[in-house]
Amino acid sequence: MNKQIKLITIAALFCGITTISTATIANVQSAEKTEKHKAESQSKEHIEEEQDDGHGHEEEKDDEHGHEEEKDDGHGHEEEKDDGHGHEDENEHEEEGAGVKLSKKQLNLAGISLTVLEPQAMSFSIYSQGEIKANDYTSYLVSPRVDSVILKRHVALGDHVEINQPLVTLFSESMAEAQASYRLADSEWKRVQKLGRKAVGDKRFIKSQTDYEANLGRLYAFGLSTDAITSLATNTNKLGQYTLNAETSGAVLSDDFRQGQRIESGGTLFDLADESTLWVEARLAPLMDLDLRENSKAQIKVGNNTYLATVTQQAHTIDPVTRTRIVRLLVQNDDHKLHPGLFADVYFSLETDKKVLAVPEEALMRGSDGDWMVFVEENGEFKGVEIELGRQLGILREIHGLPAGSKIVTTGAFYVAAEIAKGSFDAHNH
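The sequence shown begins at 417 in the numbering used here and counts up one residue at a time.
Here it is in structure tokens:
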């Protein structure tokens with residue numbers, strides 16, 4: 417038919433023939449009746465456009481007829497759009513949530529487990545790294561109150577000491593002057609007391625008493641004990657020498673000095689700590705919102721040993737170096753197996769304030785849009801349903817967006833996702 421139309425058009429343009437034989441038109445009409453109604457309409461419209469166009473060329477007409485044939489093709493793009501199995505319907509179906517049915521054999525081979533979601537009050541634990549610290553409230557720093565020279569140490573690192581046990585002997589010029597002044601004041605005060613107030617007069621009595629008390633207080637301020645001050649009156653100790661005693665019982669945690677070394681006032685000689693109770697400093701992410709109340713319990717694991725600890729304090733500032741928040745716990749150390757500086761695993765014991773829905777982490781998958789979802793089984797078909805994540809509840813994760821009683825995939829979610837993706841791929845290639 418197209419060849420006949422082309423012959424007619426060429427004859428009309430180049431030969432100027434204004435009439436077409438009745439037989440030829442009849443043949444054309446007969447051929448057109450064999451085409452589909454849609455193709456017939458398009459062909460007639462195109463013929464009219466060609467007859468009205470006085471500037472067309474033969475090659476352009478051939479090209480236009482070529483495109484027309486593509487439109488007439490039964491498998492053309494226009495019919496694809498109208499096809500009930502087209503891509504638009506497939507995309508719409510995918511948006512609603514593609515599903516897949518799996519046989520019992522597939523479920524067993526893939527190790528897929530199903531769980532019915534039920535609201536429940538959750539007891540869970542939150543992990544944090546921690547470090548054993550000395551209890552600063554029961555620790556003591558031993559240091560001279562005046563510039564001194566170290567003469568002799570009496571204890572060493574790791575020793576356990578008792579209250580008033582000698583730690584170190586030092587010498588100080590300032591101490592010698594203070595001791596000499598005390599001896600004079602003590603002697604004068606004893607003499608005045610012996611003579612009596614009436615005999616010496618109020619002025620001398622008060623001055624003697626004041627000098628004695630001032631010199632006594634000075635020695636206490638320099639760190640001398642009562643026994644050490646009392647012994648000054650017997651002249652058994654050399655002036656300038658003095659001994660520092662333990663103010664608390666505990667272990668010697670540090671002793672970074674040498675005999676003969678000169679140490680300034682306030683310099684640390686020993687660090688004593690009572691290790692019967694120690695601190696554990698746990699470091700949490702700054703935005704981690706935990707309901708940690710005072711006296712909340714936690715488990716401390718150091719090596720193969722586990723201890724029970726109690727939350728005592730929480731920092732309200734963020735460490736500028738580690739960018740963490742410190743939670744301090746108190747742990748009993750009666751067997752002295754824990755020591756400051758050890759690292760610990762801290763597990764805070766918490767409970768939800770109401771019943772929640774929670775799933776294992778392995779049940780969560782990412783959808784194509786990046787949102788979290790779980791796979792729900794209904795009437796043997798598995799579909800992905802988007803959910804919102806809540807709190808971390810130990811090895812479980814709180815979720816929102818599913819009704820109670822939903823049956824979800826808790827193990828093997830990756831296999832289900834792969835099967836759904838495979839089904840979608842096959843549908844596109846159908």
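We put the CB at the ideal spot given by N, CA and C, even for glycine.
Residues in its own chain within less than 6 Å of aspartate 563 by CB, not counting five upstream and five downstream?
Position 147 of the sequence shown holds residue 563. Excluding residues within five positions, the ones whose Cβ falls inside 6 Å are Glu680, Ser681.
Looking at the strands, I want to know which residues DSSP matches up with tyrosine 763.
The residue labelled residue 763 in the question sits at position 347 within the sequence shown. Note: tyrosine 763 sits in a beta bridge opposite Tyr543, Gln715.
Would you mind listing the alpha helix (DSSP H) stretches within the segment 685-762 that are 4+ residues and don't spill past its ends, in chain order?
none
With 16 as the cutoff for other CB atoms within 10 Å, does glutamate 461 come out buried or exposed?
Taking the sequence shown and counting its residues from 1, one reaches residue 461 at position 45. Here glutamate 461 scores only 46 on pLDDT, less than 50, and its place in the model should not be relied on; the value that follows carries that caveat. Burial call: exposed.
8 Å CB neighbourhood of alanine 637 in its chain, flanking five on each side removed:
Taking the sequence shown and counting its residues from 1, the one referred to as residue 637 is at position 221. The residues are Arg561.
Below 8 Å between beta carbons: does that hold for tyrosine 556 and threonine 733?
Against the sequence shown, residue 556 aligns to sequence position 140. Against the sequence shown, residue 733 aligns to sequence position 317. Not in contact: tyrosine 556 and threonine 733 (Cβ atoms no closer than 8 Å).
In this structure, does DSSP put threonine 826 in helix, strand or coil?
Within the sequence shown, residue 826 is the residue found at index 410, counting from 1. In this structure, threonine 826 counts as strand in the three-state DSSP scheme.
Would you call asparagine 631 buried or exposed, if buried means 16 or more other Cβ atoms sit within 10 Å of its Cβ?
Against the sequence shown, residue 631 aligns to sequence position 215. Buried.
Note the first and the last residue of the continuous alpha helix (DSSP H) segment covering alanine 601.
Along the sequence shown, read from residue 1 onward, the residue named residue 601 stands at position 185. Where alanine 601 is concerned, the enclosing alpha helix (DSSP H) stretches over 589-611.
Less than 6 Å between C-beta atoms, sequence neighbours within five positions excluded: which residues of the same chain meet that for valine 516?
Along the sequence shown, read from residue 1 onward, the residue named residue 516 stands at position 100. So the list reads Phe798, Glu835, Ile836, Gly839, once near-sequence residues are dropped.
Below 8 Å between beta carbons: does that hold for glutamine 625 and tryptophan 605?
The count along the sequence shown starts at 1 and reaches residue 625 at position 209. The count along the sequence shown starts at 1 and reaches residue 605 at position 189. Closer than 8 Å, so yes.
Three-state class that DSSP yields for alanine 649 in the structure shown
By one-based count along the sequence shown, residue 649 stands at place 233. Here alanine 649 sits in coil by DSSP.
Nearest neighbour of alanine 698, chosen from Gln536, Asp643, Ile742 [CA to CA]
Counting from 1 along the sequence shown, the entry for residue 698 is found at position 282. Out of Gln536, Asp643, Ile742, Ile742 has the C-alpha closest to the C-alpha of alanine 698.
Is the beta carbon of isoleucine 803 closer than 8 Å to that of alanine 774?
Position 358 of the sequence shown, counting from 1, holds the residue named residue 774. Position 387 of the sequence shown, counting from 1, holds the residue named residue 803. No, these two residues do not count as a Cβ contact at 8 Å.
Once the 5 residues before and after glycine 821 are set aside, which same chain residues still bring their CB inside 8 Å of it?
The residue labelled residue 821 in the question sits at position 405 within the sequence shown. The residues are Val532, Leu533, Glu534.
Report yes or no: do the segment 695-715 and the segment 569-586 share at least 3 C-beta pairs separated by less than 8 Å?
no
Cross-strand partners of tyrosine 556 (DSSP beta bridge):
Numbered from 1 along the sequence shown, position 140 holds the residue referred to as residue 556. Partner(s): Leu688.
Does the separation of the CB atoms of histidine 752 and isoleucine 548 fall below 8 Å?
As a first step, residue 752 must be located in the sequence shown, where it is residue number 336. As a first step, residue 548 must be located in the sequence shown, where it is residue number 132. No; because the gap between Cβ atoms is not below 8 Å, this pair is not in contact.
Is leucine 523 helix, strand or coil when you go by DSSP?
Looking up residue 523 in the sequence shown gives position 107. Looking at leucine 523 - three-state DSSP - the assignment turns out to be helix.
Determine the direct distance from the alpha carbon of glutamine 595 to that of glycine 676, and round the result to whole angstroms.
As a first step, residue 676 is located in the sequence shown; it is residue number 260 there, counting from the start. As a first step, residue 595 is located in the sequence shown; it is residue number 179 there, counting from the start. So the two alpha carbons sit approximately 22 Å from each other.
On the premise that aspartate 671 lies in contact with threonine 554, defined as a C-beta separation below 8 Å, what is that separation, rounded to the nearest angstrom?
Position 138 of the sequence shown, counted from the start, is the residue given in the question as residue 554. Position 255 of the sequence shown, counted from the start, is the residue given in the question as residue 671. Actually they do not touch by this definition, with Cβ atoms about 19 Å apart.
Less than 6 Å between C-beta atoms, sequence neighbours within five positions excluded: which residues of the same chain meet that for lysine 823?
Counted from its first residue, the sequence shown places residue 823 at position 407. Closer than 6 Å at Cβ, skipping near neighbours: Leu530, Val532, Glu793.
Can you tell me which of the three DSSP states glutamate 777 falls into?
As a first step, residue 777 is located in the sequence shown; it is residue number 361 there, counting from the start. Helix.
Pick helix, strand or coil for glutamate 797, following the three-state DSSP scheme.
Residue 797 sits at position 381 when you count from the first residue of the sequence shown. Correct three-state label for glutamate 797: strand.
Return helix, strand or coil for glutamine 657, following the three-state DSSP convention.
The count along the sequence shown starts at 1 and reaches residue 657 at position 241. Looking at glutamine 657 - three-state DSSP - the assignment turns out to be strand.
Classification of valine 790 by the beta-carbon crowding that lies within 10 angstroms, buried from 16 upward
By one-based count along the sequence shown, residue 790 stands at place 374. Burial call: buried.
CB glutamate 578 to CB alanine 662, shorter than 8 Å?
On the sequence shown, residue 578 is found 162 positions in, with the first residue counted as 1. On the sequence shown, residue 662 is found 246 positions in, with the first residue counted as 1. Contact: yes.
In this structure, does DSSP put glutamine 808 in helix, strand or coil?
Position 392 of the sequence shown, counting from 1, holds the residue named residue 808. Residue state, collapsed to three classes: strand.
Report the partner residues of proline 582 according to the DSSP bridge assignment.
For this step, residue 582 is matched to residue 166 along the sequence shown. The partner list for proline 582 (beta bridge, DSSP) reads Asn661.
Arginine 599 versus Ala615, Ile566, Ile645, Gln609, residue with shortest Cα-Cα distance:
On the sequence shown, residue 599 is found 183 positions in, with the first residue counted as 1. For arginine 599, the nearest C-alpha among the options comes from Ile645.
Should phenylalanine 764 and serine 541 be called a contact, given that it needs their Cβ atoms to be closer than 8 Å?
On the sequence shown, position 348 is the one that residue 764 refers to. On the sequence shown, position 125 is the one that residue 541 refers to. Yes, Cβ-Cβ distance for phenylalanine 764 and serine 541 is below 8 Å.
Within 10 angstroms of the Cβ of asparagine 720, are there 16 or more other Cβ atoms? Answer buried if so, exposed if not.
For the purposes of this step, residue 720 is taken as the residue at position 304 of the sequence shown. It counts as exposed.
Among Asp785, Lys770, Ile811, which one has its Cα closest to the Cα of glutamine 536?
Position 120 of the sequence shown, counted from the start, is the residue given in the question as residue 536. Residue Lys770 is the option with its Cα nearest to glutamine 536.
From arginine 634 to isoleucine 716, what does the alpha carbon distance come to, in whole angstroms?
Numbered from 1 along the sequence shown, position 218 holds the residue referred to as residue 634. Numbered from 1 along the sequence shown, position 300 holds the residue referred to as residue 716. Taking the straight line joining both Cα atoms gives about 46 Å.
I'd like to check one pair, threonine 768 with methionine 538: are the Cβ atoms closer than 8 Å?
Residue mapping note: residue 538 aligns to position 122 of the sequence shown, counting from 1. Residue mapping note: residue 768 aligns to position 352 of the sequence shown, counting from 1. Yes, these two residues count as a Cβ contact at 8 Å.
Confirm, please, whether the CB-CB distance from alanine 725 to leucine 745 is below 8 Å.
As a position in the sequence shown, residue 745 is number 329, starting the count at 1. As a position in the sequence shown, residue 725 is number 309, starting the count at 1. Taking 8 Å as the Cβ cut-off, leucine 745 and alanine 725 qualify as a contacting pair.
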